[in-house]
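Notes for the one structure printed next.
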Amino acid sequence: METSTALMLTMLIPALAVVINLVLRNRPDLRDGLTFVAALATFGAVLTILYNEGNGTTEAFVLFEVLGGLNLAFSVEPLGLMFALLASGLWITTHVYGVGYMRGNKERDHARFFACFCFAIFSVMGIAFADNMFTLFLFYEALTLSTYPLVAHKGTSAAVNGARTYLGILIGTSIGLQLVAIVWTYAVAGTLDFTKGGILEGHIAGPMVAVLLALYAFGIGKAALMPFHRWLPAAMVAPTPVSALLHAVAVVKAGVFTMLKVGIYIFGIDFLAATGASVWLMWLAAFSIIASSVVALTKDNLKARLAYSTISQLSYITLGVALASSMGVLGGSLHVVMHAMGKITLFMCAGSIYVATHKTNISQMTGLGRVMPITFGAFLIGALSIIGLPPLGGSWSKWLLIVGAADTGQWIMIGVLLVSSLLNVAYLMPLVGKGFFLRAPDAPETVQIAESPTLVWLPPAITAFGCVVLFFYAGHIQAFLMPIVTLN
-14 METSTALMLT
-4 MLIPALAVVI
6 NLVLRNRPDL
16 RDGLTFVAAL
26 ATFGAVLTIL
36 YNEGNGTTEA
46 FVLFEVLGGL
56 NLAFSVEPLG
66 LMFALLASGL
76 WITTHVYGVG
86 YMRGNKERDH
96 ARFFACFCFA
106 IFSVMGIAFA
116 DNMFTLFLFY
126 EALTLSTYPL
136 VAHKGTSAAV
146 NGARTYLGIL
156 IGTSIGLQLV
166 AIVWTYAVAG
176 TLDFTKGGIL
186 EGHIAGPMVA
196 VLLALYAFGI
206 GKAALMPFHR
216 WLPAAMVAPT
226 PVSALLHAVA
236 VVKAGVFTML
246 KVGIYIFGID
256 FLAATGASVW
266 LMWLAAFSII
276 ASSVVALTKD
286 NLKARLAYST
296 ISQLSYITLG
306 VALASSMGVL
316 GGSLHVVMHA
326 MGKITLFMCA
336 GSIYVATHKT
346 NISQMTGLGR
356 VMPITFGAFL
366 IGALSIIGLP
376 PLGGSWSKWL
386 LIVGAADTGQ
396 WIMIGVLLVS
406 SLLNVAYLMP
416 LVGKGFFLRA
426 PDAPETVQIA
436 ESPTLVWLPP
446 AITAFGCVVL
456 FFYAGHIQAF
466 LMPIVTLN
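Here's what the structure looks like:
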């Protein structure tokens, strides 16, 4: 199969899955089965691209021209292909988990839920393979709109209010800031094509470089950089499969992926380093890392704690861009993969606990690890990966970020990363300790609790195993991504 055909299939198959879910709304087994096949087929199409191109970069596949030098176009390059592999691969496990969760928790409107989920994957594939900032922006907005009904899915006042906050911040930042940055970039550079080394050098200088970077950094609201982060905790009213989608498969990863693309292909690493335009962003990312970790410590609700953890971890990737060094960018790019695998494990475990016990607060989970050992064991592995301990994947991305900070002489940033890991321990490990090492005060009630249904506990067990596998393959991923930081 030609790469251009496979590339189009990565978007057409999820789009077809949207239709399947709507047409077969009253045939749940067939509907969910065909959606699973669509997830497998999408991943297969991405694997075909990987087989054809490796970590090379292709020419643009132009659908149509909008203006001179402004096209709706797609292409393949290592960072985008990595993101597509991650999202399409995790779609498979997330769909299985979603079916188990929605049925086990007796949620309603399954067809609408999975149709929006498939549309979100369609949008992510468009973001991953966008050849320019114009194309990326269109799919970025489509992702926001497709996930809004998922956040509001329960239909309660809390869900509707959370969804309004979600939509308001993400649309407001993208239209009010990111779109302005895109128009400004096109005005000065005459193009929005993603280009190695960037497109802005020689077209903008002085303080205006930092101003333009600020418009992008705050306009990419999905990266949850403070102070535009409130949409993420607000979205935790959604069903847990949506939280997994938001935190690992699609939304926040689309945000930091866009941040990486802007830093690498719009500004250029060397241009950012030479102008010093990203120094302020480095300090803001450092503040977000520590501040959100401290807030996470105060949250008893497990999903809320994990939401603030995500805000902190996303800022690791922003910090990697702001360091404006090859190693920092590689560390940030690798952290996209490592955080996705670890955090989706944690959120699916939270959902597994909820399906089995209907408990949401950490203070209520004492002793549950003894009756739900698979769920709590998977949580332990995911947590250790987020903390950055070997032999788990998260240790490598944090190490590369530390090396990137050392390369640029940013010793305080090394301290920030180390302190952050200690805070990770402080807000993630109490659940494991309570679950395994303390006896529940209501022991007779706890005896009636067992693991959640297989379709709910199995996916986080698989992704927890993935955290271990990634430790041994991190070098291969780093080598795969190496062309994004070289100009040859």
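As numbered in the working numbering, residues -14 to 473 make up the sequence shown, in order. From the three backbone atoms N, C-alpha and C, an ideal C-beta is built for every residue, glycine too.
Reference Q163, options S406, G111 and G206, closest by Cα: Minimum Cα distance to Q163 is reached at G206.
Integer-rounded CB distance, given that A209 should sit under 8 angstroms from L299: Right, the Cβ-Cβ distance comes to about 5 angstroms (below 8 angstroms), so this counts as a contact.
Spatial distance of L408 from L155 (CA atoms): Each residue's Cα considered, the two are about 28 angstroms apart.
8 angstroms Cβ shell around G204 - same chain, five flanking residues per side excluded: Within the same chain, G204 has close Cβ partners T158, S159, G161, L162, Q163, L164, V165 and A166.
A276 versus G373 - alpha carbon distance: Each residue's Cα considered, the two are about 19 angstroms apart.
Chain-order list of residues whose beta-carbon lies under 6 angstroms from that of H324 (same chain, five-residue window excluded): For H324, where only same-chain residues beyond five positions count, the Cβ hits under 6 angstroms are Q298.
Supposed contact pair T(-12) and I34 - C-beta distance, whole angstroms, cut 8 angstroms: Contact flag correct, Cβ pair sits at about 6 angstroms.
Which listed residue (T439, A390, K383 and S405) has its alpha carbon closest to that of Q463: For the residues T439, A390, K383 and S405, the minimum Cα distance to Q463 belongs to K383.
Cut-off 7 angstroms between Cβ atoms - residues of its own chain near V194, not counting five sequence neighbours on either side: Shown here for V194: same chain residues with a beta carbon closer than 7 angstroms to its own, the five before and five after excluded, namely T260 and A262 in chain order.
I(-2), buried or exposed, once every other Cβ within 10 Å from all chains shown has been counted against 16: Buried, by the Cβ-count rule.
Proximity to L402 [Cα-Cα], best of M267, L466 and L(-8): That would be M267, whose Cα lies nearest to the Cα of L402.
Residue range of the beta strand (DSSP E) that includes E50: Run containing E50: F46 to L52, per the beta strand (DSSP E) assignment.
Three-state secondary structure (DSSP) of F59: Strand at F59.
Beta-carbon contacts of L257 that lie in its chain and below 6 angstroms, excluding the five residues immediately before and after: Scanning its chain for C-beta atoms nearer than 6 angstroms, with the 5 sequence neighbours on each side dropped, one finds around L257 the residues S263 and A309, in chain order.
Which of helix, strand or coil DSSP assigns to E186: In the structure shown, E186 falls within a strand segment according to DSSP collapsed to helix, strand and coil.
Cβ-based neighbour list, A100, same chain, cut-off 6 angstroms, excluding 5 preceding and 5 following: Hits under 6 angstroms: V3, N6 and L7.
Whole-Å CB distance - P13 paired with L466, under 8 angstroms assumed: Contact doesn't hold; Cβ gap of about 40 angstroms is too wide.
Terminal residues of the alpha helix (DSSP H) in which T27 lies: Run containing T27: P13 to E38, per the alpha helix (DSSP H) assignment.
Cβ contact (3+ pairs, closer than 8 angstroms) linking the region 94 to 114 and the region 128 to 138: The region 94 to 114 vs the region 128 to 138: in contact.
Coarse secondary structure for A235, derived from DSSP in three states: Coil at A235, not helix or strand.
Alpha-carbon to alpha-carbon, G175 and L185: Approximately 10 angstroms, taken between the alpha carbons.
Length of the line joining the Cα atoms of R16 and G140: Going from the Cα of R16 to the Cα of G140 covers about 23 angstroms.
Local Cβ density within 10 Å of R424, reported as buried at 16 or more and exposed below that: Exposed, by the Cβ-count rule.
Those residues which DSSP pairs with N286 across a bridge: Under the DSSP definition of a beta bridge, N286 partners with N346.
DSSP state of A490 mapped onto helix, strand, coil: In the structure as shown, the chain starts at -14 and stops at 473, and residue 490 therefore has no counterpart that could be examined.
Sequence-distant residues of its chain with Cβ nearer than 6 angstroms to A45 (five each side left out): Correct list, in chain order: A58, S60 and D116.
Top-ranked residue by Cα proximity to T360, from A446, L152 and S294: Closest option to T360, Cα to Cα, is A446.
Cβ contact (3+ pairs, closer than 8 angstroms) linking the region 282 to 289 and the region 361 to 369: At 8 angstroms Cβ cutoff, the stretches do not touch.
Check whether T42 and W76 have beta carbons under 8 angstroms apart: Note that the C-beta distance between T42 and W76 is not below 8 angstroms.
For S142, the first and last residue of its enclosing alpha helix (DSSP H): Per DSSP, S142 belongs to the alpha helix (DSSP H) from S142 to T158.
CB of M244 within 8 angstroms of CB of I296, strictly: Cβ distance not < 8 angstroms, so M244 and I296 don't count as in contact.
I112 beta carbon less than 8 angstroms from that of L130: Their beta carbons are not under 8 angstroms apart, which means L130 does not touch I112 by this criterion.
Check whether S235 and F107 have beta carbons under 8 angstroms apart: For the record, residue 235 in the displayed sequence is Ala; it is not Ser. Going by C-beta atoms, A235 is not nearer than 8 angstroms to F107.
Contact under 8 angstroms by Cβ, V222 with A143: Yes. Within cutoff.
Top-ranked residue by Cα proximity to V314, from H188, Y250 and P438: Minimum Cα distance to V314 is reached at Y250.
Simplified DSSP assignment, three categories, for A137: A137 falls in the coil class under three-state DSSP.
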